[in-house]
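Trainee: Sharing a structure with you now.
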Amino acid sequence: MTCRLCPNLCGVDRDKSYGLCLADGDIHVSYHGIHEWEEPVISGGRGSGAIFFSGCTMRCVFCQNAKISRKVSGKVYSPKELAALFEYYDSVSDNINLVSATQYADGIIKAFSYYTPKNPVVWNTSGFETIETVRALAPYVNVWLPDLKYVDSALSRRLSGKSDYFKYAFDAISEMIRLSGKVKIENGLIKSGVIVRHLILPSHIDNTLAVLKVFADNFKDSAFLSLMAQYVPINVENFPDINRRITPLEYKRALNALSELNIENGFVQDLESATTAYIPDF
1019 MTCRLCPNLC GVDRDKSYGL CLADGDIHVS YHGIHEWEEP VISGGRGSGA
1069 IFFSGCTMRC VFCQNAKISR KVSGKVYSPK ELAALFEYYD SVSDNINLVS
1119 ATQYADGIIK AFSYYTPKNP VVWNTSGFET IETVRALAPY VNVWLPDLKY
1169 VDSALSRRLS GKSDYFKYAF DAISEMIRLS GKVKIENGLI KSGVIVRHLI
1219 LPSHIDNTLA VLKVFADNFK DSAFLSLMAQ YVPINVENFP DINRRITPLE
1269 YKRALNALSE LNIENGFVQD LESATTAYIP DF
């Protein structure tokens, strides 16, 4: 396959080589299990059936899943075997949560031809997506869970290797909302819609305020926001600006912005959530 699944558009024949995402032509699952640490509407019942995929289309220096994102690891699944995994988690959890799966979108779509889940499918993504891939996934995905990491292109280039991150993420989120409509919640659990995540980074509260402004101006009437305070510095000694947790003042400025921008629908993590307890044992 000549790959055009993500905005890297690397064009690699993944049957012969690895893409910029580090993936080849197989589907690599690094970890799967019941995840209880997502937003309450995702994991507040029986938990979320999380399937973590190997590799990543981004290069975030602060990645908390670096053990699986920076190398090809885990077990190889055929589309039919992956469908069996879907069926299992469909029976024991409230949704099927596909984490960092963009680089395997074509194989995942094939897996859905073998099994159609009864519970919602969650696409848990960095937000670095093409509209074409979002549209291809739309018949199978119920809940979109994209990040909106940056507005600042210089910051996204330095910390994630992608100067064009905001353009692609903004367009992808807009398309996700167009395709899914407003958030639908039944009995405390999300059934469809978009939840936009943003992780507050230390020293870069201005970027957070810019992200919140973009969300308020464009998405707040249709999507939920999840403001995350769980940042923990991991392997970022060469990046002193982010080699610490966020401060109470940075956190307060973000909360004040939510109020000033009238962002009411969504979730806010406590400052005490900055712990490695939320990182699966890969």
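Number 1144 in the numbering used here belongs to position 126 of the sequence shown; there are no gaps in the numbering. Every residue gets a Cβ at the ideal spot worked out from N, C-alpha and C, and that includes glycine.
Can you list, in chain order, the residues of its chain with a C-beta nearer than 7 Å to that of residue 1044? Leave out the 5 residues immediately preceding and following it.
Mentor: Hits under 7 Å: 1094.
Trainee: For the candidate residues 1276, 1066, 1182 and 1186, whose alpha-carbon lies nearest to that of residue 1228?
Mentor: The shortest Cα separation from residue 1228 among 1276, 1066, 1182 and 1186 belongs to 1276.
Trainee: With residue 1204 as the anchor, note down where its beta strand (DSSP E) starts and where it stops.
Mentor: It spans 1202-1204 - the beta strand (DSSP E) in which residue 1204 sits, taken as one unbroken run.
Trainee: Per DSSP, what kind of secondary structure is residue 1258 in: helix, strand or coil?
Mentor: It is helical.
Trainee: Distance check for residue 1174 and residue 1181, CA to CA, integer angstroms please.
Mentor: Cα-Cα distance, rounded: 6 Å.
Trainee: Taking all protein chains shown into account, do 16 or more other C-beta atoms lie within 10 angstroms of the C-beta of residue 1187, making it buried, or fewer, making it exposed?
Mentor: The residue in question, residue 1187, is buried, as its Cβ has 16 or more Cβ neighbours within 10 Å.
Trainee: Return helix, strand or coil for residue 1283, following the three-state DSSP convention.
Mentor: Reduced to three states, the DSSP call for residue 1283 is coil.
Trainee: Who are the near neighbours of residue 1262 in its chain, counting only those whose CB is closer than 7 Å to its CB and skipping five residues on each side?
Mentor: Cβ within range, chain order: 1220 and 1251.
Trainee: Taking the continuous alpha helix (DSSP H) assigned at residue 1190, which residues delimit it?
Mentor: Per DSSP, residue 1190 belongs to the alpha helix (DSSP H) from 1183-1198.
Trainee: Would you mind sorting residue 1112 into buried or exposed? The rule is 16 or more other CB atoms within 10 Å of its CB.
Mentor: That one is buried.
Trainee: Counting beta carbon pairs with one atom in the region 1121-1130 and one in the region 1091-1107, are three or more of them shorter than 8 Å?
Mentor: As far as the Cβ criterion goes, the region 1091-1107 touches the region 1121-1130, which means the pair count is three or higher.
Trainee: Is the Cβ-Cβ distance between residue 1201 and residue 1242 less than 8 Å?
Mentor: Yes, the pair counts as a contact, with Cβ atoms nearer than the cut-off.
Trainee: I need the DSSP call for residue 1166, collapsed to helix, strand or coil.
Mentor: If DSSP states are grouped into helix, strand and coil, residue 1166 belongs with coil.
Trainee: Give a yes or no on contact between the region 1143-1159 and the region 1044-1056, applying the rule of three or more CB pairs nearer than 8 Å.
Mentor: Short answer: they don't touch.
Trainee: Could you tell me which residues DSSP puts in a beta bridge with residue 1211?
Mentor: Answer is 1161.
Trainee: For residue 1212 and residue 1119, what's the separation of their Cα atoms in angstroms?
Mentor: Cα-Cα distance, rounded: 17 Å.
Trainee: Here's a check: name, in chain order, each residue in its chain whose Cβ is nearer than 7 Å to the Cβ of residue 1169, leaving out the five neighbours to either side.
Mentor: Correct list, in chain order: 1184, 1225, 1228, 1229 and 1232.
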